[in-house]
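Each step along the first sequence adds one to the number in the working numbering, with nothing skipped, and position 259 is 258.
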Amino acid sequence: MRWSRYFLPTLREVPAEAEVISHQLMVRAGMIRKLAAGIYSYLPFGLRALKKVREIIREEMNRKGALEVYLPVVQPAEIWQESGRWQLYGKELLRFKDRHARDFCLGPTHEEVITDIVRKEVKSYRQLPLNLYQIQTKFRDEVRPRFGLMRGREFEMKDAYSFDKDEEGANKSYQDMYDAYCRIFERCDLNFRAVEADTGPIGGSYSHEFMVLADTGEDIVVGCDTCSYAANMEKAEVRRESIETQGVEMKELEKIYTPQVKTIQDLTTFLSAKPDQMVKTLIFQVDGRPVAALVRGDHEINPVKLKNLLGADVVEMADEETVRRITGAPIGFTGPVGLKGIEIIADFAVQGMVNFITGANEVDRHLKNVNLNRDFKVDRFADIRQAMEGDLCPRCETGRLKITRGIEVGHVFKLGTKYSKAMGATFLDADGKEKYIIMGCYGIGVGRTVAAAIEQNHDENGIIWPFPIAPFHVLILPVNMTDSRMVETAEKIYQELLAEGVEVLLDDRDERPGAKFKDADLIGIPLRITVGNLAVSEGKVEIKFRKTGEVEKVPVNEVTQRIKAILSAQLK
RNA sequence: CGGGGCGUAGCGCAGUUUGGUUUAGCGCGCGUGCCUUGGGAGCACGAGGUCCCCGGUUCAAAUCCGGGCGCCCCGACCA
């Protein structure tokens, strides 16, 4: 491709609206342009990167025997009503009516469509297992789209759905996809971790998220510094620390006056005590009934854990009025002592505490030297808090947990029979009995993967494409377009590389060298061939690696061979 | 959905507080010519605007008032 005939509009300045580096660079490097909030066009250069990722995904999906399909973006309300999600999905589901006033939506995901196809076509266990996937546009009307392609409303997603006759088969399907995902992200040269994720109330199922590690990520990743344990914040387990409390004397319970002291922070200052000597009592509404949850003052409650523990559908913080009704005091003075008619659940860490501080269920009062069993009873101890940096690893003996940020690029999920039951997708098994198909679903954000790759591979000058997803592998840069010898040399190399099938971009623009070099760094093509004075004087050109800055001086007639050698090594 | 910010040429911005001295500006980019060619050169000339939209106040509105729309950030939310 000749740059002069290409559509690659680069920007010198950072667009005001772009906050994160990947977004800035994708706009500056002429990859994308915004049409509306969370809705982007891909320009040719950006599309080439997207296609590279698509192709890697296809190869790995096909390798596992998944079959590509292409499902509609516009979907009728009926199948969503059947699955129950027409009601449940909320405003993220963009709905509209056609000319006959029939209800439709733009597909945010495709479980309904695929289940509809499979229930109609699959009748026998002989047709299973089956794995169907597509790479296609999704639309989710996000409340707040942000960070360019990171959280768009319209975005490209690879979604796969597996169908199996039994648990064993479903587990294998899941593992196949897990393995495929690892290969895909490895091939994209991403530093990622597969983390355990919460599955919600479906039960018995499990799920992993594939997180690309990046400071700008929206998700929190909890990982062990020693073993391979990793989970997202919702799911991350905490190991019980055994604390010796035997022999510590219980002091006498004491009520203290604490005017306007409502938070742990306030208490810390007011009593000059440490947060880990306090117990936070939080009132939750769990499917409509109140529950008190106790965690140590320096810990945060994890509502998802509470929800799973109680097998509840909805867990939310109680409002001011409810708290008053139950505790007799405003928010900020809640404590477990004297609470009646309410289940009390405490985090394991509370179990090892003696003589701690809690709210007194009375305005401007707290209690000191509170003790378990003597002053109140806990109905259940459980792991209900969020993991913290430095916590013991729940899996290995010596590890400590570390907290990092990540970008979720993929998610594998065992669905079980949720959709097959809702929509009646059954098959006749070998034993002659009708059974529900066991499903799994597996998604990858294609555009988000590209953005994540940039987030992880750039420097102050621009993008540094990993070879496997680079829009072009080689950029030829003739320094002076008015020097016919340089132009001819560049042209010769360009033709040779083209003939060899190398993906090459020739910067034949009549720009000054400085501008060309800046653009070259910005768009980040992994190899740059500089055709300059050396080509005229010694018949040599420079091959520069964008990533390392390393430069090789190579005779013009050896360039093509050298490039081929580098590419075959890099692309394996 | 709560809080904050922004909207002036393709991009980045000044001007708005205190209405008129601005014929609406600056830098970059864009076009033409000269000159220059190893890290975003220089000179000259030039094109390019519904100052987000609608309404109001006023002799006079980019500027003040009311309403609307759009975009960005924080939070909540996110099968």
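C-beta atoms are modelled at their ideal positions from N, C-alpha and C, and glycine is treated no differently.
Query raised in the report: Helix, strand or coil: how does DSSP classify Cys187 here?
Result: coil
Query - Asn372 classed as buried or exposed, judged by whether at least 16 other C-beta atoms fall within 10 angstroms - result: exposed
Query raised in the report: Nearest-angstrom Cα distance between Gln569 and Leu309?
Result: 52 Å
Query raised in the report: First and last residue of the alpha helix (DSSP H) that includes Thr114?
Result: 110 to 120
**Report entry** Helix, strand or coil at Cys581 [DSSP, three-state]
**Finding:** Limits of the chain in this structure are 0 at one end and 571 at the other, which puts residue 581 out of reach.
Query - Range covered by the alpha helix (DSSP H) that runs through Thr326 - result: 319 to 326
Query raised in the report: Would the region 23 to 42 and the region 58 to 69 be scored as touching if the rule is three or more Cβ pairs under 8 Å?
Result: no
Query - Beta-carbon proximity of Val445 to Glu59, cut-off 9 Å - result: no
Query raised in the report: CB-CB under 8 Å to His298, same chain, minus the five flanking residues each way: which ones, in chain order?
Result: Lys279, Asp346, Ala348, Arg384, Gln385, Met387
Query raised in the report: Whose C-alpha, out of Ala213, Phe6, Ile468, is nearest the C-alpha of Pro525?
Result: Ile468
Query raised in the report: How big is the Cα-Cα spacing for Glu342 and Lys434?
Result: 40 Å
**Report entry** Own chain residues within Cβ distance below 6 Å of Leu7, not counting five before or after
**Finding:** Gly29, Phe44
Query raised in the report: Are the beta-carbon atoms of Met438 and Ala450 separated by less than 9 Å?
Result: no
Query raised in the report: Cβ atoms of Glu120 and Gln74: under 9 Å apart, would you say?
Result: no
Query raised in the report: Under three-state DSSP, which class holds Tyr41?
Result: strand
Report task. Give the single residue among Tyr173, Asp265, Lys261, Ile31 whose Cα lies nearest to the Cα of Ala65. Result -> Tyr173
**Report entry** Burial state of Asp506, where buried means 16 or more other Cβ atoms lie within 10 Å
**Finding:** buried
Report task. Return helix, strand or coil for Gly89, following the three-state DSSP convention. Result -> helix
Query raised in the report: Excluding the five sequence neighbours on either side, which residues of its own chain have a C-beta within less than 6 Å of the C-beta of Val411, listed in chain order?
Result: Met176, Tyr177, His207, Tyr441
Query raised in the report: In angstroms, rounded to a whole number, what distance separates the CA positions of Thr357 and Gly246?
Result: 22 Å
Requested in this report: With distances taken Cα to Cα, identify the nearest neighbour of Phe323 among Ile282, Leu49, Arg295.
Outcome: The question names Phe, but residue 323 is Arg in the sequence shown. Among Ile282, Leu49, Arg295, the Cα nearest to that of Arg323 belongs to Ile282.
Query raised in the report: What separation, rounded to the nearest whole angstrom, lies between the Cα atoms of Arg125 and Lys376?
Result: 57 Å
**Report entry** Closest by C-alpha distance to Ser211, when choosing among Asp430, Arg404, Tyr493
**Finding:** As written in the sequence, residue 211 is Val, which differs from the Ser given in the question. Nearest option by C-alpha distance: Arg404.
Report task. Could you check the C-alpha separation between Glu454 and Ile20 for me, to the nearest Å? Result -> 6 Å
Query - Any 3 or more C-beta pairs closer than 8 Å across the region 83 to 97 and the region 47 to 56 - result: no
Query raised in the report: What span of residues does the alpha helix (DSSP H) with Pro512 cover, start to end?
Result: 512 to 522
Query raised in the report: Is the Cβ-Cβ distance between Ser3 and Asp509 less than 9 Å?
Result: yes
Query raised in the report: When DSSP labels each residue in this structure, what does Asp482 get in the three-state scheme?
Result: coil
Query raised in the report: Exposed or buried, what is Val294 when buried is set at 16 or more other beta-carbons lying within 10 Å of its beta-carbon?
Result: buried
Query raised in the report: Using the beta-carbon count (16 or more within 10 Å), is Asp572 buried or exposed?
Result: No answer is possible for residue 572: the residues shown for the chain start at 0 and end at 571.
Report task. Starting from the N-terminal side, write out each stretch of the beta strand (DSSP E) that is 3 residues or longer and does not extend beyond the region 223 to 291. Result -> 229 to 231, 253 to 256, 278 to 285
Query raised in the report: Start and end of the alpha helix (DSSP H) containing Glu572?
Result: Nothing can be reported for residue 572, as the shown portion of the chain is limited to 0 through 571.
Report task. Starting from the C-beta of Pro258, find all residues in its chain whose C-beta is less than 8 Å away, skip the five residues before and the five after it, and write them out in chain order. Result -> Asp363
Query - Separation of Val303 from Gly202, as counted between CA atoms - result: With a pLDDT of only 45 at Gly202, under 50, the local geometry of the prediction cannot be trusted, and no value is derived from it.
Query - Reference Arg511; option with closest CA among Pro477, Glu459, His472, Thr267 - result: Pro477
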